[in-house]
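Just so you know, the sequences run in chain order A and B.
Under my numbering, the residue at position 151 of the first sequence is numbered 151, and the numbers go up by one with no gaps.
The number in my numbering is simply the position in the second sequence, starting from 1, with 412 added.
Glycine included, every Cβ here is placed at the ideal spot set by N, Cα and C.
Below you'll find the structure, written out as structure tokens, and then a few comments.
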Amino acid sequence: MIKSLIRATAVLGTATLLATTAFAGDLVINFDDPNPGPKKGFETAVEKFKAANPDINVTVNITDREAHKTAIRNFLSADAPDITSWYPGNRMAPFVNANLFEDVSDLWSSDANLSSKFEAIKPTMTIDGKQWGVPYTYYQWGIYYRKDIFDKMGISEPKTWAELIAASKKLKEGGVTPFTIGTKFLWTAAGVFDYLNLRTNGYDVHNQLTAGKIKYTDPRIRATFAKWKELVDMGAFVENHATMSWQDAIAPFAKGEAAMYVMGNFSVDGYKNAGLKEDQIDYFPFPEITPGVPRAEEAPADAFFIPAKAKNKEDARKFLAFIAQPEIQSEWNSTIGQLPPNSDAKVGDDKFIQQGFETVSTAAGLAQFFDRDAPAEMAKAGMEGFQEFMIKPDRLDAILKRLDKVQERVYK
Amino acid sequence: MSDVTSTNMPSASGTVDRRSWYAKNKLRVAPWLFLAPALIFFVIYVVLPIFQSLWISFFEWDGLGEAKWVGVGNYIELMDDDRFYTSLYNNVLWLVLYMLAVPAGLFIALFLNQTVTGMRIYKSLFFFPFVISQVVVGLIFTWFYNPNFGIVGKIWQFFGAAPPSILGDENLVTYGIIFAGLWPQIAYCMILYLTGLNNVSPDQVEAGRLDNAKGWKMLWYVVLPQLKPATFIAIVVTVIGALRSFDMIAIMTQGGPYGTSNVLSYYMFETALSEYGFRMGYGSAIAAVLFFIMLFFISYFLWNMYQEEKVGR
Numbered sequence: 001m002i003k004s005l006i007r008a009t010a011v012l013g014t015a016t017l018l019a020t021t022a023f024a025g026d027l028v029i030n031f032d033d034p035n036p037g038p039k040k041g042f043e044t045a046v047e048k049f050k051a052a053n054p055d056i057n058v059t060v061n062i063t064d065r066e067a068h069k070t071a072i073r074n075f076l077s078a079d080a081p082d083i084t085s086w087y088p089g090n091r092m093a094p095f096v097n098a099n100l101f102e103d104v105s106d107l108w109s110s111d112a113n114l115s116s117k118f119e120a121i122k123p124t125m126t127i128d129g130k131q132w133g134v135p136y137t138y139y140q141w142g143i144y145y146r147k148d149i150f151d152k153m154g155i156s157e158p159k160t161w162a163e164l165i166a167a168s169k170k171l172k173e174g175g176v177t178p179f180t181i182g183t184k185f186l187w188t189a190a191g192v193f194d195y196l197n198l199r200t201n202g203y204d205v206h207n208q209l210t211a212g213k214i215k216y217t218d219p220r221i222r223a224t225f226a227k228w229k230e231l232v233d234m235g236a237f238v239e240n241h242a243t244m245s246w247q248d249a250i251a252p253f254a255k256g257e258a259a260m261y262v263m264g265n266f267s268v269d270g271y272k273n274a275g276l277k278e279d280q281i282d283y284f285p286f287p288e289i290t291p292g293v294p295r296a297e298e299a300p301a302d303a304f305f306i307p308a309k310a311k312n313k314e315d316a317r318k319f320l321a322f323i324a325q326p327e328i329q330s331e332w333n334s335t336i337g338q339l340p341p342n343s344d345a346k347v348g349d350d351k352f353i354q355q356g357f358e359t360v361s362t363a364a365g366l367a368q369f370f371d372r373d374a375p376a377e378m379a380k381a382g383m384e385g386f387q388e389f390m391i392k393p394d395r396l397d398a399i400l401k402r403l404d405k406v407q408e409r410v411y412k
Numbered sequence: 413m414s415d416v417t418s419t420n421m422p423s424a425s426g427t428v429d430r431r432s433w434y435a436k437n438k439l440r441v442a443p444w445l446f447l448a449p450a451l452i453f454f455v456i457y458v459v460l461p462i463f464q465s466l467w468i469s470f471f472e473w474d475g476l477g478e479a480k481w482v483g484v485g486n487y488i489e490l491m492d493d494d495r496f497y498t499s500l501y502n503n504v505l506w507l508v509l510y511m512l513a514v515p516a517g518l519f520i521a522l523f524l525n526q527t528v529t530g531m532r533i534y535k536s537l538f539f540f541p542f543v544i545s546q547v548v549v550g551l552i553f554t555w556f557y558n559p560n561f562g563i564v565g566k567i568w569q570f571f572g573a574a575p576p577s578i579l580g581d582e583n584l585v586t587y588g589i590i591f592a593g594l595w596p597q598i599a600y601c602m603i604l605y606l607t608g609l610n611n612v613s614p615d616q617v618e619a620g621r622l623d624n625a626k627g628w629k630m631l632w633y634v635v636l637p638q639l640k641p642a643t644f645i646a647i648v649v650t651v652i653g654a655l656r657s658f659d660m661i662a663i664m665t666q667g668g669p670y671g672t673s674n675v676l677s678y679y680m681f682e683t684a685l686s687e688y689g690f691r692m693g694y695g696s697a698i699a700a701v702l703f704f705i706m707l708f709f710i711s712y713f714l715w716n717m718y719q720e721e722k723v724g725r
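Now the structure itself:
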């Protein structure tokens, strides 16, 4: 009995040893989205990579997004895969600063695709003049609206702030709340803030604010909040938004109680699942506020990175170069309904992707998102402030002063 | 080697005690041997981490890079942190209001302590909220409180009033969560009192009745003193339950709206371990404060128990 037990453990031991020792040619990839669409897009790309590189033995681990966010801190320092998915901008900064991500600038300068076809997105992948990963997808933000309601009330897509306010008033008169939103998890409010700020002050102010170079009490930021207050004061947002997630907030939209939603393109699936038909919903870019400010857009990207402790960095670089190719990016993104960062890649023919591509490709600048451009602690405090402002707009002064205090501490 | 064993084995009838040290001290050693596994794990998983977190609270550390010594810097920052005071205040609210579970549990227990057909079914129904997970309780109450489709909204609408958004209003949210937390806690206190009531001696009740004690007087002077042990445990579990309230907040509001329903335990989690956190030092400082608050209560309870034991002996 004991003997067989010992033998069993010995066998098990060697087996785990075999499993963990990566031979040259083994490539371990950690991916963070088990939802059917994204999983399919990822797996198809991996299959193609395998077919092109039969000598590389690829292992794939797919975990849930939230779990991945916690796990990555452990596996980067303990048992690193060869490639992991993560987010650019300030979200990658802690790992870059802790020397846990591999510098892939060499790939960006040598690879034919990366060196010339990723110009728009390159800045967000850059820290200290070096590139740290390769993006495989990004998506547009903007205003999704109920076309049937707009048509019924005779409203056309607003192009300017005045038109947006007029449209909102008309909707209110017709008993429809202009905007739905769910701020329970805070970041949705940051989307609204970012757009108001980008349209009021432009891309540079957005970047300086999230880089801690402008105070929140700055008159330019106050101007942004003044625009926001116009909407809050007229009751343009659904009530009880503080108790709803972004998915919950689809309900009033689907029921026709609210007509617009400032959101990312990933939400389209949610509208359709809530029973809305393709021709009931449509998209328009956030309207102009200050005339003459070049139009910048929110376009968060997802990317792949090589951990500094990866065992097979050579093949990992091969994989990154592989997924930068236009054909791979076209197919992947048409599967998941998003935009390919490679400018040579083809864009899917879905109407939202087409409109999104037009919006984003003509933009003067691409912002990641408030919580990706600002450091985590600042982002959290900022987004809580936005939520508080939406409920108690009179507290604006106190909120901005508090944010200045946090800012002073975070960027010292 | 074999020599030693052979002399030890057969007889030990001489005046010199030739038994091994272990054999001689068996009675004294045995309890420690039995306690050892628990003690070792208690030290590794409870005692050491306490000192570790106290140590970390003097650093600025994101959990990845170099930890930077900041001394009491984190505690100084705490003194100037509005969120911290909100959480502390909410913790006090929890402590005070959660105590309602004790009398409420007592009265339900008294009510259920009768012999009626089907009493067991009623008892288990009252006990039911304690059995289901806090997460489920939190979810159910989130729906209750929803002003659009929840029962609260429906009741308000029935009276023609605009329903409040309980979880979205900074003045109501903590009360809303505490109320939800009370539901299982009352059941817990009730079960403690029910078992306590089984031990109330019928003679004393009988004697009280002969002396014409009734109703409140009977309860206050005859029954309650006998329920003292149950009351003590009920208070202890309620205090601890209030201080570690975490699940409800995580499920129902995540500390929101804008941090107004935070308590120390959730605020600690948020700063140290959540998506926008990873300030290990600051989180540890919050944990340290919470630890000392708990320590105050726990040492009082332990001291109390110790005194009782002494009297009992």
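Compute the distance between the beta-carbons of residue i and residue j, then report whether it is under 7 Å.
i: A:W246; j: A:T188; result: yes
i: A:W161; j: A:I336; result: no
i: A:A310; j: A:D82; result: yes
i: A:F49; j: A:F319; result: yes
i: A:A316; j: A:L100; result: no
i: A:Q170; j: A:M244; result: According to the sequence as given, residue 170 of chain A is Lys; it is not Gln. It is not a contact, given that the beta carbons lie outside the stated cut-off.
i: A:T200; j: A:T217; result: no
i: A:K130; j: A:D103; result: yes
i: B:P669; j: A:A242; result: yes
i: A:F284; j: A:E163; result: no
Using a Cβ cut-off of 9 Å, pull out every chain A residue sitting near residue i, in sequence order please.
i: B:E687; result: E66, K69, T70, D371, A376 and K380
i: B:F690; result: R73, P94, A376 and E377
Give me the chain B residues within the contact set of residue i, using Cβ-Cβ distance strictly less than 7 Å, ordered along the chain.
i: A:E102; result: Those do not exist, as A:E102 stays about 15 Å from chain B at its closest Cβ, beyond 7 Å.
i: A:T177; result: Per Cβ cutoff of 7 Å: no residues; A:T177 is ~12 Å from chain B at best.
i: A:E384; result: Y670 and G671
Name the chain B residues whose beta carbon is nearer than 8 Å to that of residue i?
i: A:S85; result: What A:S85 touches in chain B: nothing, since even the nearest Cβ is about 16 Å away.
i: A:A98; result: D474, L476 and G477
i: A:N240; result: N558, P559, N560, S577 and G580
i: A:Q368; result: Simply none; closest approach about 15 Å.
Just reading off the alpha helix (DSSP H) that residue i is part of, what are its end residues?
i: B:R621; result: P614 to L622
i: A:V406; result: L396 to V410
i: A:R199; result: W187 to T200
i: A:I306; result: First-last for A:I306: undefined, no H or E at that position.
i: B:A610; result: Per the sequence shown, the amino acid found at residue 610 of chain B is Asn instead of Ala. Element bounds for B:N610: V585 to N610.
Going by C-alpha to C-alpha distance, which of the options sits closest to residue i?
i: A:D371; options: A:G202, A:K159 and A:F193; result: A:F193
i: A:I353; options: A:Y139, A:L209, A:A251 and A:P36; result: A:Y139
i: B:V634; options: B:F709, B:D615 and B:F540; result: B:D615
i: A:E173; options: A:H241, A:G235, A:K39 and A:L396; result: A:G235
i: B:I647; options: B:K566, B:G550, B:L509 and B:V617; result: B:L509
i: A:I323; options: A:K313, A:F304 and A:S334; result: A:F304
i: B:F538; options: B:G550, B:I520 and B:E682; result: B:I520
i: A:G385; options: A:K351, A:A376 and A:I399; result: A:I399
i: B:F523; options: B:G627, B:G483 and B:I589; result: B:G627
i: A:P135; options: A:K380, A:A381, A:G212 and A:N342; result: A:N342
i: A:P94; options: B:I468, B:G588 and B:G689; result: B:G689
Exposed or buried, residue i, counting other C-beta atoms within 10 Å across all chains shown (16 or more means buried)?
i: B:A697; result: buried
i: B:I456; result: exposed
i: A:A52; result: exposed
i: A:L196; result: buried
i: B:Y434; result: exposed
i: A:Y144; result: buried
i: A:T21; result: In this predicted model, A:T21 has a pLDDT of only 45, less than 50, meaning its place in the structure is not dependable enough to derive any value.
i: A:T84; result: buried
i: B:S657; result: buried
Just to confirm the assignment, what range does the beta strand (DSSP E) spanning residue i have?
i: A:L27; result: D26 to F31
i: B:I468; result: It is not in any beta strand (DSSP E) - B:I468 instead sits in the alpha helix (DSSP H) that spans L460 to I468.
i: A:M244; result: Looking at the DSSP string, A:M244 is not in any beta strand (DSSP E), and its letter there is neither H nor E.
i: A:N35; result: Taken as a continuous stretch (DSSP letters only), A:N35 belongs to no beta strand (DSSP E), as it is neither H nor E.
i: A:M427; result: With chain A running from 1 to 412 in the structure shown, residue 427 of chain A is simply not present.
Against residue i, what residues of chain B qualify as contacts under a CB-to-CB distance less than 9 Å, listed in chain order?
i: A:K184; result: L579, G580, T665, Q666, G668 and P669
i: A:I391; result: G580, D581, E582, P669 and Y670
i: A:E408; result: Per Cβ cutoff of 9 Å: no residues; A:E408 is ~12 Å from chain B at best.
Can you name the residues of chain A whose CB is closer than 8 Å to the CB of residue i?
i: B:D494; result: R402
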